[in-house]
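Sequential numbering of the sequence shown, starting at 2, is according to the working numbering.
In this text, a Cβ means the ideal position worked out from N, Cα and C, and glycines have one as well.
I have placed the structure first, in the form of structure tokens, so that the comments after it can refer back to it.
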Amino acid sequence: MVKPPLIIIAGPTAVGKTAISVKLAKKLNAEIISADSMQVYKGLDIGTAKITEEEMDGVRHHMIDILDPSENFDVSVFKEKFDECVMDILSRNHIPIMVGGTGFYIQAALYGIDFNDNAKSGEYRKHLEELIKDGKASELFEKLKEVDPKSAEIIHPNNHVRLTRALEYYHETGEPISSHNEKERNKESRFRELFCVITDDREKLYDRIDKRVDKMMEDGLLKEVERLVNLGLNKDNTSMKGIGYHELIPIPEDAFSLFKCVSKIKQDSRHYAKRQLTWFRREKNVTWIDRCDFKDNDSIVDFIYKKYVTEIENGN
């Protein structure tokens, strides 16, 4: 059976994946599947840098605005919905392009990871969740550094879902989940994929991140968070754990507090970009695309297009 084609446009936050993917999709008559863990939520627009209808430029997008912010979303749900999207896209004889920076989601899509092979009971998970509610998440993260330092490099301390899962997996199996993930990476891919990771000079990327956060604040990020809080959402909700949201809860009461929150968003975003690149460096068969080596987005798109036609479509 011939494997279906798949293009992946990955990279750190703010590197410019959106514009490149839309241009590429128009060139290939393709459709885009978002691999972003926060853009699935309705109403989380500014803080997620969610693509607008104008930016979509007529290209069909999937996995955006599919859940209410009170609902939970994790990698197993993503994989299930991703598979449905791929079947839908292929039924129209279009090419699926997966775009995002959540490396774990991309890995799950490529290798069809089974997420039900650990966690023999839910008791330890409940114990961890209680500790987090008691404000001991930082202590648990230190524990993760001890038992699984590789996972600690790519899991944000505030990502309690992944923190819990990593500690639970180690508790139940005696094996670091990073070792498990490495084995999953060595599985055979379910696709004929072209896996592109876009990078840029670190200082340029960090400057772009800072400017994007400033633009989010100008566009009303604080009001967006206030509206979500008024709906009854808090830091316990999966949707509120995203960067740009948890830093602003509770709502800052004065200008100095707001300044500290914005600085924290910028810092967290830069750290997240670093963790994303750490993850992608561990992936195999990746085509690295450094923006410094290209004149503009059009030249990057042309490069990806030619590589896809040569290596995937024609099988050379």
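{"Asked": "Look up Thr49 in the DSSP assignment and say whether it is helix, strand or coil.", "Found": "coil"}
{"Asked": "What would DSSP say about Met2, mapped onto helix, strand or coil?", "Found": "coil"}
{"Asked": "Which two residues bound the contiguous alpha helix (DSSP H) that contains Glu225?", "Found": "222-231"}
{"Asked": "Got a sec? Which residues, its chain only, sit under 7 angstroms from Met2 by beta carbon, not counting five neighbours each side?", "Found": "none"}
{"Asked": "Compute the Euclidean distance between the alpha carbons of Pro5 and Asp135, then round it to the nearest angstrom.", "Found": "47 angstroms"}
{"Asked": "Measure the CB-CB distance between Tyr273 and Thr14 and report whether it falls below 9 angstroms.", "Found": "yes"}
{"Asked": "Leaving out five residues before and five after Thr279 in sequence, what residues of the same chain have Cβ atoms less than 6 angstroms from its Cβ?", "Found": "Glu154, Ile155"}
{"Asked": "If you draw a straight line from the C-alpha of Glu124 to the C-alpha of Asn30, how long is it?", "Found": "48 angstroms"}
{"Asked": "So Ile290 is in the beta strand (DSSP E); what residue range does that whole segment cover?", "Found": "287-291"}
{"Asked": "If you follow the beta strand (DSSP E) that Ile98 is in, where does it begin and where does it stop?", "Found": "96-101"}
{"Asked": "Using C-beta distances below 8 angstroms, list every residue in its chain close to Lys24, excluding the 5 sequence neighbours before and after it, in chain order.", "Found": "Asn298, Asp299, Val302"}
{"Asked": "Could you check if Thr103 is buried or exposed, using at least 16 other CB atoms within 10 Å of its CB as the buried criterion?", "Found": "buried"}
{"Asked": "Would Arg292 be called buried (16 or more neighbouring beta carbons within 10 Å of its own) or exposed?", "Found": "buried"}
{"Asked": "Which residue comes first and which comes last in the alpha helix (DSSP H) that contains Phe74?", "Found": "It is not in any alpha helix (DSSP H) - Phe74 carries neither H nor E in the DSSP assignment."}
{"Asked": "Is Glu176 helix, strand or coil when you go by DSSP?", "Found": "coil"}
{"Asked": "State the Cα-Cα distance for the pair Val148 and Ala110, rounded to the nearest angstrom.", "Found": "27 angstroms"}
{"Asked": "Just the C-alpha distance for Lys308 and Gln268, rounded to the nearest angstrom, thanks.", "Found": "35 angstroms"}
{"Asked": "Between Met99 and Ile9, is the Cβ-Cβ spacing less than 9 angstroms?", "Found": "yes"}
{"Asked": "Can you tell me the Cβ-Cβ gap for Arg191 and Gly101, rounded? I've got them flagged as a contact below 8 angstroms.", "Found": "In fact, because the Cβ distance is near 17 angstroms, the residues do not count as touching under 8 angstroms."}
{"Asked": "Looking only at DSSP bridge pairs, what is Leu68 linked to?", "Found": "Tyr42"}
{"Asked": "Between which two residues does the beta strand (DSSP E) carrying Ile305 extend?", "Found": "Unbroken run through Ile305 is the alpha helix (DSSP H), 298-309; no beta strand (DSSP E)."}
{"Asked": "Could you check what DSSP says for Thr14 in three-state terms: helix, strand or coil?", "Found": "coil"}
{"Asked": "Measure from the alpha carbon of Asp334 to the alpha carbon of each residue in Glu72, Leu68, Met64, then state which is nearest.", "Found": "This structure gives no information on residue 334, because the portion of the chain shown stretches from 2 to 317."}
{"Asked": "Using only the alpha-carbon positions, how far apart do Glu312 and His128 sit?", "Found": "49 angstroms"}
{"Asked": "Would you list the one or two residues that DSSP bridges to Phe105?", "Found": "Paired residues: none, contrary to the question."}
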